[in-house]
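Only one structure is covered here, and it is reproduced in the block below.
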Amino acid sequence: MFRAGETVGAHITPTTDAQLQPNGVDLTAAAVYEQTEPGRIGTDGKTIGERREIEADDGVFHLEPGAYIVQYGETVAIPEEHIGFIYPRSSLMRNSCMLHTAVWDAGYEGKGEGLLEVHHEIEIEQGARIAQIVLAEADHDGTYDGDYQGEHIDTE
Ligand SMILES: O=c1ccn([C@H]2C[C@H](O)[C@@H](COP(=O)(O)OP(=O)(O)OP(=O)(O)O)O2)c(=O)[nH]1
Numbered sequence: 177m178f179r180a181g182e183t184v185g186a187h188i189t190p191t192t193d194a195q196l197q198p199n200g201v202d203l204t205a206a207a208v209y210e211q212t213e214p215g216r217i218g219t220d221g222k223t224i225g226e227r228r229e230i231e232a233d234d235g236v237f238h239l240e241p242g243a244y245i246v247q248y249g250e251t252v253a254i255p256e257e258h259i260g261f262i263y264p265r266s267s268l269m270r271n272s273c274m275l276h277t278a279v280w281d282a283g284y285e286g287k288g289e290g291l292l293e294v295h296h297e298i299e300i301e302q303g304a305r306i307a308q309i310v311l312a313e314a315d316h317d318g319t320y321d322g323d324y325q326g327e328h329i330d331t332e
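The working numbering applies: residue 177 is where the sequence shown begins, and numbers increase by one.
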């Protein structure tokens, strides 16, 4: 069963009332990066390629078509007995942009990242809502203890 927005909100910080949705909580765009060097996915590990941060112009990211990594502004803590999923805010999708996401594991805590695909030039204000996280009840074996545990937690 998926949890109600208010229940999800108890695991996201900080949040405002505007972020609370019936079935989840909206997440904001805090930072945007463009990858500049290749990464590697191996059988024995992975590396993330170098990236450069896109500077906001007067608080606005002006994005040309392309692929960007976006870092969310909220710390998400996926509670035990749950799994998280992120969907793009539909207004993003209606503007020819898409967020691609992976599984958010029970026990993960951090300010995560998503792949923002821009198919038509767009302006995104820093701190604007771009995504929605939902939580579903789930069985699991252990909790997340990977390389991304605690990521970006100290950033504003
Ligand atoms: O779109 C997403 C999906 C997940 N995460 C976070 C939460 C998740 O728990 C963590 C690790 O995800 P995953 O297990 O898919 O990453 P991995 O590449 O397998 O890394 P690891 O080896 O650390 O498990 O990253 C994101 O930031 N963005």
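Even for Gly, the Cβ is constructed at its ideal location relative to N, Cα and C.
Val279 counts as exposed, since fewer than 16 other C-beta atoms from the protein chains shown sit within 10 angstroms of its C-beta. By the C-beta density criterion, Ala186 is exposed, having fewer than 16 other C-beta atoms within 10 angstroms. Counting only runs of 3 or more residues that sit fully inside the segment 196 to 278, the beta strand (DSSP E) segments are 201 to 211, 227 to 230, 236 to 239, 242 to 248, 251 to 253, 258 to 264, 273 to 276, in chain order.
Assigned with DSSP and collapsed to three states, Thr189 falls in strand. At a Cβ-Cβ threshold of 9 angstroms, Ile259 and Asp281 count as neighbours.
DSSP places Ala282 outside both helix and strand once states are collapsed to three, so it counts as coil.
Just so you know, the alpha carbons of Ala206 and Asp323 end up roughly 21 angstroms apart. Taking 8 angstroms as the cut-off, one finds no heavy atom of ligand 1 near enough to the beta carbon of Ile329. Remark: the shortest separation between the CB of Glu289 and any heavy atom of ligand 1 falls under 8 angstroms. Taking Met269 as reference, the option from Phe261, Glu250, His296 with the minimal CA-CA separation is His296.
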